[in-house]
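Participant:
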Ligand code: FBP
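Numbering (our numbering), first residue to last: 44 to 738.
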């Protein structure tokens with residue numbers, strides 16, 4: 044046989060095989076790292092202790108629909124020795140536990156499974172853990188695999204939900220509920236664990252109620268990179284500061300955004316527009332801002348909180364009330380952004396980095412109204428016709444036509460439809476791509492799918508339009524470095540001090556000179572020079588002056604980026620690895636002590652690891668009524684950015700510094716690389732730290 048040659052020889056080279064193998068030695072050792080465990084789990088067994096002092100405002104509908112779990116309390120996990128035979132026997136009982144991921148992936152999910160597995164096997168090596176495949180559909184359709192130590196080790200400390208996959212199905216009909224019950228019974232499960240966001244934990248509460256008499260415990264685990272599953276009691280006491288996955292995703296986004304800050308401050312050419320995930324809440328955008336000090340970061344909750352005092356005053360003077368003064372319009376938002384861009388350009392920085400949360404539009408009144416109205420129209424249509432709006436009206440024109448008919452019916456027959464002629468006119472005023480976005484299919488939970496809407500395009504479309512107006516008015520100008528101006532004119536044999544006062548509106552000691560607003564073209568420049576007797580009508584503008592003028596005309600160039608799925612798939616930070624592994628152990632403590640309708644959580648995440656406290660949180664008392672699919676539904680409340688929180692107030696106070704509309708360097712912060720120091724306290728979400736310090 045002849046020796047391999049060419050590409051075959053290269054492929055059979057042992058070094059090439061190592062380099063191209065999918066086994067990455069660093070990852071192998073990363074997987075072997077054992078996440079730190081809260082002290083309480085070193086005890087032979089654990090018990091639950093009801094914690095006093097937390098108050099919940101219980102919704103009547105929750106009382107009615109969830110009677111068996113509505114009286115659940117906050118429970119602390121405590122270490123115990125094995126001398127209490129009853130406790131010990133119950134704890135060490137052989138069990139069969141099922142686990143399912145629900146919703147978008149979040150770094151750390153595999154460690155939740157690992158924590159449950161290790162705790163369960165420690166209590167009883169014969170206990171079996173099953174993973175449902177492809178999310179809640181796996182529960183409905185009874186698709187599960189038994190998880191083994193080898194499989195779990197393969198995924199320890201790694202991102203994604205690849206071990207058993209995930210899905211967005213919702214167990215929300217009597218049929219799906221009964222199929223799920225069948226599955227749990229067929230598998231002989233003692234407990235079902237649902238790892239998910241607000242909607243999935245809502246589902247967990249309903250399943251806990253439904254399976255109560257079957258003796259199948261249901262426990263939720265709060266996950267979502269969006270960070271909007273946070274739990275406080277009615278007095279504001281923090282019970283769960285953030286869902287898992289938030290820190291890893293925010294750090295991944297921050298790394299990318301920071302790299303853009305570095306690039307941008309090098310070539311000074313582009314505005315980088317970075318849309319970051321967070322379907323509704325802007326927690327991720329806020330954390331990215333704190334990590335990177337990007338020049339502009341929009342925070343949806345802040346936009347909604349805006350009050351236009353000038354308009355209120357004008358209305359008061361006219362003896363009226365201007366309700367539109369509360370909350371920002373899309374147009375106003377674009378003005379605020381333009382103002383910042385213009386101010387940076389004035390000091391020679393026609394570039395920068397801007398962070399836009401993907402859900403920002405939900406905080407704009409006019410858009411929110413459209414979303415609610417369209418949710419209702421689509422929901423009502425589907426229920427009334429027992430069909431699917433999007434199948435019946437596949438293209439935009441069909442949908443618009445249907446809306447037009449609703450508006451007509453409203454006008455002609457005083458039909459009580461939520462869609463009137465004014466809505467229709469306003470809707471037809473917005474660009475097609477955004478109309479399509481607003482009409483997109485809602486997800487299985489009835490949520491508007493912001494990740495599919497080009498939020499950045501909507502905002503930046505208006506920004507670009509308004510910048511053009513400002514340019515035409517001579518307001519958007521590049522500042523010219525005084526020294527550059529001097530050198531250019533001296534090199535052309537001209538006296539800078541003669542031309543300066545004619546050209547610039549600030550020809551004093553400032554570092555950056557701004558061409559007068561009245562000079563907005565070569566024609567108006569020539570007129571200004573003629574008026575100042577610096578040239579004649581039949582002469583050409585001196586090249587040095589023309590060069591300076593051309594330099595003052597800004598080109599607004601953007602690059603857009605979307606950070607979402609990449610961060611969701613990132614390797615979990617040490618914070619998330621340790622957090623989730625302990626969540627897994629907490630889940631097992633809740634199961635082993637008979638809890639159901641509880642959510643596993645770790646209290647004091649904002650403090651040192653030694654202060655972390657594993658707890659069980661009652662889901663039902665946290666639920667309230669919210670609009671879903673055009674009607675009110677009992678759900679777990681999403682936590683939005685609190686505009687009175689220290690983290691937000693710090694970011695707001697530093698906004699001007701980060702905008703850096705001043706000569707000199709920007710204030711960009713380079714986040715340290717994500718690393719494993721073996722000490723979880725070294726790298727925690729800045730939002731959490733600030734909220735704790737400023738409390
Ligand atoms: P979860 O709430 O399920 O964790 O998902 C959050 C999220 O990552 C949002 O930030 C984003 O809007 C959405 O998922 C995207 O959903 P999809 O995966 O269906 O595109």
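Ideal Cβ placement from N, Cα and C applies to all residues, glycine included.
May I ask which residues mark the beginning and end of the alpha helix (DSSP H) holding residue 434?
Facilitator: Taking the first residue of the chain shown as 1, we reach residue 434 at position 391. Run containing residue 434: 432-435, per the alpha helix (DSSP H) assignment.
Participant: Mind listing, in chain order, the continuous alpha helix (DSSP H) runs of no fewer than 4 residues lying wholly within the region 309-390?
Facilitator: The region 309-390 contains these whole alpha helix (DSSP H) runs: 326-335, 343-348, 352-360, 373-388.
Participant: Using 7 Å as the threshold, is the C-beta distance between residue 684 and residue 326 below it?
Facilitator: Walking along the chain shown from the start, residue 684 turns up at place 641. Walking along the chain shown from the start, residue 326 turns up at place 283. Yes, these two residues count as a Cβ contact at 7 Å.
Participant: Kindly indicate the opening and closing residues of the alpha helix (DSSP H) around residue 278.
Facilitator: Taking the first residue of the chain shown as 1, we reach residue 278 at position 235. It is not in any alpha helix (DSSP H) - residue 278 carries neither H nor E in the DSSP assignment.
Participant: In this structure, does DSSP put residue 739 in helix, strand or coil?
Facilitator: As shown, the chain starts at 44 and ends at 738. That puts residue 739 outside it, with no answer to give.
Participant: Are the CB atoms of residue 332 and residue 340 within a distance shorter than 7 Å?
Facilitator: Here residue 340 refers to the residue found at position 297 when the chain shown is read from its first residue. Here residue 332 refers to the residue found at position 289 when the chain shown is read from its first residue. Taking 7 Å as the Cβ cut-off, residue 340 and residue 332 qualify as a contacting pair.
Participant: Check whether the Cβ of residue 377 sits closer than 6 Å to any heavy atom of ligand 3, and report yes or no.
Facilitator: Among the ligands modelled here, namely ligand 1, ligand 3 does not occur.
Participant: Can you find a heavy atom of ligand 1 that lies under 6 Å from the Cβ of residue 494?
Facilitator: Position 451 of the chain shown holds residue 494. At least one heavy atom of ligand 1 is nearer than 6 Å to the Cβ of residue 494, so yes.
Participant: Closer than 8 Å by C-beta to residue 716: which residues in its own chain qualify, once you throw out the five before and the five after it? Chain order, please.
Facilitator: By one-based count along the chain shown, residue 716 stands at place 673. Excluding residues within five positions, the ones whose Cβ falls inside 8 Å are 298.
Participant: What's the C-alpha gap between residue 425 and residue 431?
Facilitator: What you label residue 425 is simply residue 382 of the chain shown in a count that begins at 1. What you label residue 431 is simply residue 388 of the chain shown in a count that begins at 1. Distance between the alpha carbons of residue 425 and residue 431 is about 5 Å.
Participant: Between which two residues does the alpha helix (DSSP H) carrying residue 220 extend?
Facilitator: Your numbering for residue 220 matches position 177 in the chain shown. Its alpha helix (DSSP H) spans residues 217-229.
Participant: For the beta strand (DSSP E) containing residue 7, name the first residue and the last one.
Facilitator: Summary: the structure shown does not reach residue 7, with the chain confined to residues 44 through 738, and so no result is reported for it.
Participant: Report all residues from its chain with a CB closer than 7 Å to the CB of residue 666; omit the five preceding and five following residues, and keep chain order.
Facilitator: In the chain shown, residue 666 corresponds to position 623, counting from 1. Correct list, in chain order: 102, 105, 245, 248, 677, 678, 679.
Participant: Pull up the distance between the alpha-carbon of residue 437 and that of residue 415, whole angstroms please.
Facilitator: The residue you call residue 437 lines up with position 394 of the chain shown. The residue you call residue 415 lines up with position 372 of the chain shown. Their backbone Cα atoms lie some 21 Å apart in a straight line.
Participant: Whose C-beta lies closer than 6 Å to the C-beta of residue 532 among residues of the same chain, with five residues either side of it excluded?
Facilitator: Position 489 of the chain shown, counting from 1, holds the residue named residue 532. Same-chain partners within the cutoff: 539, 587.
Participant: Inspect the beta-carbon positions of residue 266 and residue 291 and report whether they are closer than 7 Å.
Facilitator: Stepping through the chain shown from its first residue, residue 266 is reached at position 223. Stepping through the chain shown from its first residue, residue 291 is reached at position 248. Result no, Cβ atoms of residue 266 and residue 291 do not sit closer than 7 Å.
Participant: Are there any heavy atoms of ligand 1 lying less than 6 Å away from the beta-carbon of residue 537, as far as the coordinates show?
Facilitator: In the chain shown, residue 537 corresponds to position 494, counting from 1. No, the Cβ of residue 537 stays beyond 6 Å of every heavy atom of ligand 1.
Participant: Ignoring anything shorter than 3 residues or poking outside the region 610-673, list the beta strand (DSSP E) runs there in chain order.
Facilitator: 641-646, 656-661, 666-671, all fully within the region 610-673.
Participant: Which residues does DSSP list as the beta-bridge partners of residue 144?
Facilitator: The residue you call residue 144 lines up with position 101 of the chain shown. Paired residue(s): 238.
Participant: DSSP state of residue 172, grouped into three classes?
Facilitator: Locating residue 172 in the chain shown gives position 129, where the first residue counts as 1. Looking at residue 172 - three-state DSSP - the assignment turns out to be strand.
Participant: Restricting to runs no shorter than 4 residues, where is the alpha helix (DSSP H) found entirely within the region 96-149?
Facilitator: Counting only runs of 4 or more, we get 103-108, 128-134.
Participant: May I have the straight-line CA-CA distance separating residue 626 from residue 645, to the nearest angstrom?
Facilitator: For the purposes of this step, residue 626 is identified with residue 583 of the chain shown, where counting begins at 1. For the purposes of this step, residue 645 is identified with residue 602 of the chain shown, where counting begins at 1. Each residue's alpha carbon lies about 7 Å from the other.
Participant: What residues in its chain sit with their C-beta under 7 Å from that of residue 90, if we drop five residues either side in the sequence?
Facilitator: Within the chain shown, numbered from 1, the residue matching residue 90 stands at position 47. Excluding positions up to five away in sequence, the list reads 121, 123, 130, 636.
Participant: Restricting to Cα atoms, I'd like to know which of 585, 622, 551, 548 is closest to residue 534.
Facilitator: Taking the first residue of the chain shown as 1, we reach residue 534 at position 491. For the residues 585, 622, 551, 548, the minimum Cα distance to residue 534 belongs to 585.
Participant: Going by C-alpha to C-alpha distance, which of 228, 282, 380 sits closest to residue 259?
Facilitator: Looking up residue 259 in the chain shown gives position 216. The residue with the shortest Cα to Cα distance from residue 259 is 228.
Participant: Indicate whether residue 145 and residue 239 have their beta-carbon atoms separated by less than 7 Å.
Facilitator: Taking the chain shown and counting its residues from 1, the one referred to as residue 145 is at position 102. Taking the chain shown and counting its residues from 1, the one referred to as residue 239 is at position 196. Yes, the Cβ-Cβ distance between residue 145 and residue 239 is below 7 Å.
Participant: Using a threshold of 6 Å, is the CB atom of residue 737 nearer than that to any non-hydrogen atom of ligand 1?
Facilitator: In the chain shown, residue 737 corresponds to position 694, counting from 1. No; taking the cut-off as 6 Å, the Cβ of residue 737 has no heavy atom of ligand 1 nearer than that.
Participant: Closer than 7 Å by C-beta to residue 513: which residues in its own chain qualify, once you throw out the five before and the five after it? Chain order, please.
Facilitator: Taking the chain shown and counting its residues from 1, one reaches residue 513 at position 470. Closer than 7 Å at Cβ, skipping near neighbours: 381, 385, 519.
Participant: What residue range does the alpha helix (DSSP H) around residue 153 cover?
Facilitator: Along the chain shown, one-based indexing puts residue 153 at 110. Looking at the DSSP string, the run of the alpha helix (DSSP H) that includes residue 153 is 152-166.
Participant: Are at least three pairs of beta-carbons, each pair with one atom in the region 208-227 and one in the region 595-605, less than 8 Å apart?
Facilitator: Touching, no.
Participant: Does the beta-carbon of residue 226 have 16 or more other beta-carbons within 10 angstroms, so that it is buried, or is it exposed?
Facilitator: Position 183 of the chain shown, counted from the start, is the residue given in the question as residue 226. So residue 226 counts as buried.
Participant: Can you round the beta-carbon distance between residue 741 and residue 355 to whole angstroms, since I take them to be within the 8 Å contact cut?
Facilitator: Nothing can be reported for residue 741: it is not among the residues displayed for the chain, which extend from 44 to 738.
Participant: Let me make sure I understand the geometry here. Which of 328, 237, 99 has the alpha-carbon closest to that of residue 729?
Facilitator: Locating residue 729 in the chain shown gives position 686, where the first residue counts as 1. Considering only alpha carbons, the answer is 328.
Participant: Any contact of the region 489-503 with the region 387-402, i.e. 3+ C-beta pairs under 8 Å?
Facilitator: Yes, they touch.
Participant: With distances taken from CA atoms, which of 622, 344, 293, 657 is nearest residue 632?
Facilitator: Along the chain shown, read from residue 1 onward, the residue named residue 632 stands at position 589. Nearest option by C-alpha distance: 657.
Participant: With a threshold of 6 Å (Cβ to nearest heavy atom), would residue 610 be considered close to ligand 1?
Facilitator: Position 567 of the chain shown, counted from the first residue, corresponds to residue 610. Incorrect: residue 610 has no Cβ contact closer than 6 Å to ligand 1.
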